[in-house]
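Position in the sequence shown counted from 1, then plus 838, gives you our numbering. Ideal placement from N, C-alpha and C gives every residue a C-beta, glycine not left out. As structure tokens, the structure follows; a few thoughts come after it.
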Amino acid sequence: MATTLLRNATLVDGTGAPAAPGHLLLDGDTIADVLRGDQAPDADRVLDVEGRVVAPGFVDMHSHADFSVVNPDHERLMAAFLEQGVTSIVAGNCGISPAPARERTLPRLKRFASIAIDAPLAWDWKGFDGYLGRLEAARPAVNVAQLVGHSTLRYAGSDVRRGPLSSADTRRCLDLTAAAFEQGACGLSFGLGYDPGMFSPLEELEAFMRVAAAHDRTVTVHLKAYSKLSPTYPLTELRPHNLRALREMLDLARRTGARLQISHFIFVGRAAWPTASRALAMVDAARRDHDVAFDAFPYTCGNTTVNVTLPYWFLAMGAEAYRSRWARMRLRAELSIGYRLAGMAWSDFQVMEIGVPEWRDLEGLSLEAIARRWKQHPVDALLRISERTDGGALMLIHGYSGDRAGRGPIEDVLSHEACLFETDAIVRSHGWPNPAAMGTFPKILGDHVRRRGRLRLEEAVRRMTGDSVARFGLTDRGVLARGKRADVVVFDPDVIEDTPPGPSRPAGRPEGIDRVFVNGVEAVTEGRYRSGVRAGRVLR
């Protein structure tokens, strides 16, 4: 195998150890040696990286790319992740995974997963192992560790659309969960802010978590609520909804002994921002007794579906809700009052990808602007988009953990010792991109490390790499050490940063990423993805 030497580097090895000058020797897909000091060995290819940091490849802790990477042309969508230094993703989040699947309920799964699907899928697998085999055959551009989704498991094991499962269906779903773990799933994910997860009783969630604990797998959870008021709990609930949702899952983790990873630890709406200190204190208290951590992105907006704005009672009515004058009147009153109390405005809702060709000019516009264009109330515009797209339109919601200048609890969240990093980015061929897909890791390194000084470089890299793979029991990569896989990123610490969106301009490529190696293969050169390079692997 050919060897490559990265000479005169500043080595930040992913363990949190102080940065040190040295050299990194790659031999095929493996790190052959980590040398500190002046002595450098010979190699087939020598790259002088003086003034650059050499670190392990970054790990996206929360990805939805598993519905893209099985497609033959997925590299065009994954290029943005590679160009910001991501070499591995953890996919299957928010209760949504492509497997297991069952013919009878596959249409329901396809509808649920439509948020993450950019091109038609063959869906020529049933079991979890079949999906991973299909993914290996597709030669992914990045490494993929795959979670199994609770909602997907329900669809595969039961005909019950929402609400409690029968004892027989529960056993079938739990058997499917265990089978997925045995076939290579690195954990279990819940999507409790979405149908059907929002309708699942706590007893059901506990049963699933006990299976994960028995197999020593991490449980990730999209909480039932992230705002002070939410569509998931009754408005008569006196506690902040996000704190109730957090308490429920912390209690379940304590009772089951499951390792808990709280997904996108955000505070949606200005009214929720003051609850951040209480939420972090709850996590700190829980960490004294059991294994709890969370992940977050460095932007104050995030992507989701248009239907996440609708309450459970409206969704439970199905198509009839859109035609019911009573339901629409109730919804308008609830949302108008609820969003005001939650500290949100219609200008906070921005269309990412509409999914209707003749409506493409709406992408990038706020719901407030669309309502003005259509001369409708924002709730009527919202329902028009929801009904026409069958709930599949993608939205960027602003006001997550801070204002658009980044002022708010987001700083305390990102600097907390339990925080790992993610993009949670849905990537489509069209539309207004989520800035997290372009610049999550460069923004943390440029903004929170270099400019604000909220994180040390070594600490930030450790959380982006070694800590992230360890969270899911992956031991062959994530640190710069002899014998580990050669996932490596080379960047300029004085330059690295994102290119944020402007009022009429989407986010662009980041600055400061020089090279990215995936399993020893150079996938990014001078900040640009090398077309056709697909060196990723399935991390079972």
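Check: Terminal residues of the continuous beta strand (DSSP E) containing N1080?
Finding: As a working mapping, residue 1080 is identified with position 242 in the sequence shown. Here N1080 belongs to no beta strand (DSSP E); instead the alpha helix (DSSP H) covers 1079-1094.
Notebook entry, point to check: What is the DSSP secondary structure of C1257, counted as helix, strand or coil?
Noted result: As a first step, residue 1257 must be located in the sequence shown, where it is residue number 419. Strand, per DSSP.
Notebook entry, point to check: How big is the Cα-Cα spacing for A1123 and L1061?
Noted result: As a first step, residue 1123 is located in the sequence shown; it is residue number 285 there, counting from the start. As a first step, residue 1061 is located in the sequence shown; it is residue number 223 there, counting from the start. One C-alpha to the other measures close to 18 Å.
Checklist line | Collapsed DSSP secondary structure at C1011 in the structure displayed | finding: On the sequence shown, position 173 is the one that residue 1011 refers to. C1011 falls in the helix class under three-state DSSP.
Note to self: With H, G and I counted as helix, E and B as strand and the rest as coil, what does DSSP make of D871?
What the structure shows: Residue mapping note: residue 871 aligns to position 33 of the sequence shown, counting from 1. Looking at D871 - three-state DSSP - the assignment turns out to be strand.
Checklist line | 8 Å Cβ shell around L862 - same chain, five flanking residues per side excluded | finding: As a position in the sequence shown, residue 862 is number 24, starting the count at 1. These residues qualify, in order along the chain: L843, L844, A847, L849, I869, D871, V872, L873, V892, L1318, V1326.
Checklist line | Backbone secondary structure at R1343 - three-state DSSP | finding: Mapped onto the sequence shown, residue 1343 falls at position 505. If DSSP states are grouped into helix, strand and coil, R1343 belongs with the strands.
Checklist line | DSSP three-state assignment for H861, whether helix, strand or coil | finding: Residue numbering aside, residue 861 sits at position 23 when the sequence shown is read from its first letter. Looking at H861 - three-state DSSP - the assignment turns out to be strand.
Notebook entry, point to check: Considering only residues of the segment 1249-1327, which uninterrupted beta strand (DSSP E) runs meet the minimum length of 3 residues and lie entirely inside it, listed in chain order?
Noted result: 1257-1259
Checklist line | the segment 1110-1129 contacting the segment 1222-1231, beta-carbon criterion three pairs below 8 Å | finding: no
Note to self: Just to confirm before moving on: does the CB-CB distance between R972 and D962 stay below 8 Å?
What the structure shows: As a working mapping, residue 972 is identified with position 134 in the sequence shown. As a working mapping, residue 962 is identified with position 124 in the sequence shown. Yes. Within cutoff.
Next item on the list: Evaluate I1192 with the Cβ neighbour count: other Cβ atoms within 10 Å of its Cβ, from every protein chain shown; 16 or more gives buried, anything less gives exposed.
Entry: By one-based count along the sequence shown, residue 1192 stands at place 354. Buried: at least 16 other Cβ atoms inside 10 Å.
Notebook entry, point to check: How would you call H1268, buried or exposed, if buried means at least 16 neighbouring beta carbons within 10 angstroms?
Noted result: Counted from its first residue, the sequence shown places residue 1268 at position 430. Exposed, because fewer than 16 other Cβ atoms sit within 10 Å of the Cβ of H1268.
Note to self: Quick check on DSSP: helix, strand or coil for Q1021?
What the structure shows: Residue mapping note: residue 1021 aligns to position 183 of the sequence shown, counting from 1. Residue state, collapsed to three classes: helix.
Note to self: Less than 8 Å between the beta carbons of V1106 and G1244, yes or no?
What the structure shows: As a working note, residue 1106 is residue 268 in the sequence shown. As a working note, residue 1244 is residue 406 in the sequence shown. No, Cβ-Cβ distance for V1106 and G1244 is not below 8 Å.
Note to self: Please classify P856 as buried or exposed, where buried requires at least 16 neighbouring CB atoms within 10 angstroms.
What the structure shows: Start at 1 with the first residue of the sequence shown, and residue 856 comes out as number 18. Per the 10 Å Cβ criterion, exposed.
Next item on the list: With distances taken Cα to Cα, identify the nearest neighbour of I1104 among P1149, A1083, G1370, A937.
Entry: For the purposes of this step, residue 1104 is taken as the residue at position 266 of the sequence shown. Looking at the Cα atoms, A1083 is the closest of the given residues.
Margin query: Quick check on the DSSP output: the beta strand (DSSP E) that includes V928 runs from which residue to which?
Written below: For this step, residue 928 is matched to residue 90 along the sequence shown. Note, V928: beta strand (DSSP E), 924-929.
Note to self: If contacts are defined as beta-carbon pairs under 8 Å, then A1345 and P1273 qualify, I think. What distance do you get, rounded to the angstrom?
What the structure shows: Numbered from 1 along the sequence shown, position 507 holds the residue referred to as residue 1345. Numbered from 1 along the sequence shown, position 435 holds the residue referred to as residue 1273. Going by Cβ atoms, the distance from A1345 to P1273 rounds to 4 Å, so yes, they are a contact pair.
Check: Taking buried to mean at least 16 other C-beta atoms within 10 Å of its own C-beta, is K1213 buried or exposed?
Finding: Stepping through the sequence shown from its first residue, residue 1213 is reached at position 375. With fewer than 16 Cβ atoms within 10 Å of its Cβ, K1213 is classed as exposed.
Checklist line | Pair within 8 Å by beta-carbon distance, V1057 and A1134 | finding: Looking up residue 1057 in the sequence shown gives position 219. Looking up residue 1134 in the sequence shown gives position 296. Not in contact: V1057 and A1134 (Cβ atoms no closer than 8 Å).
Checklist line | W1164 classed as buried or exposed, judged by whether at least 16 other C-beta atoms fall within 10 angstroms | finding: Translated into the one-based positions of the sequence shown, residue 1164 becomes position 326. W1164 is exposed by the Cβ-count criterion.
Notebook entry, point to check: Within 10 angstroms of its Cβ, does R1178 collect 16 or more other Cβ (buried), or is it exposed?
Noted result: Stepping through the sequence shown from its first residue, residue 1178 is reached at position 340. The residue is exposed, with fewer than 16 neighbouring Cβ atoms inside 10 Å.
Check: Taking Cβ positions only, does T1278 come closer than 8 Å to chain C?
Finding: The displayed structure is made up of one protein chain only, and chain C is not part of it.
Checklist line | Three-way DSSP call (helix, strand, coil) for M1190 in this model | finding: Here residue 1190 is taken as the residue at index 352 of the sequence shown, counted from 1. Correct three-state label for M1190: strand.
Check: What number of angstroms, rounded off, separates the C-alpha of M1302 from the C-alpha of R1010?
Finding: Locating residue 1302 in the sequence shown gives position 464, where the first residue counts as 1. Locating residue 1010 in the sequence shown gives position 172, where the first residue counts as 1. Going from the Cα of M1302 to the Cα of R1010 covers about 36 Å.
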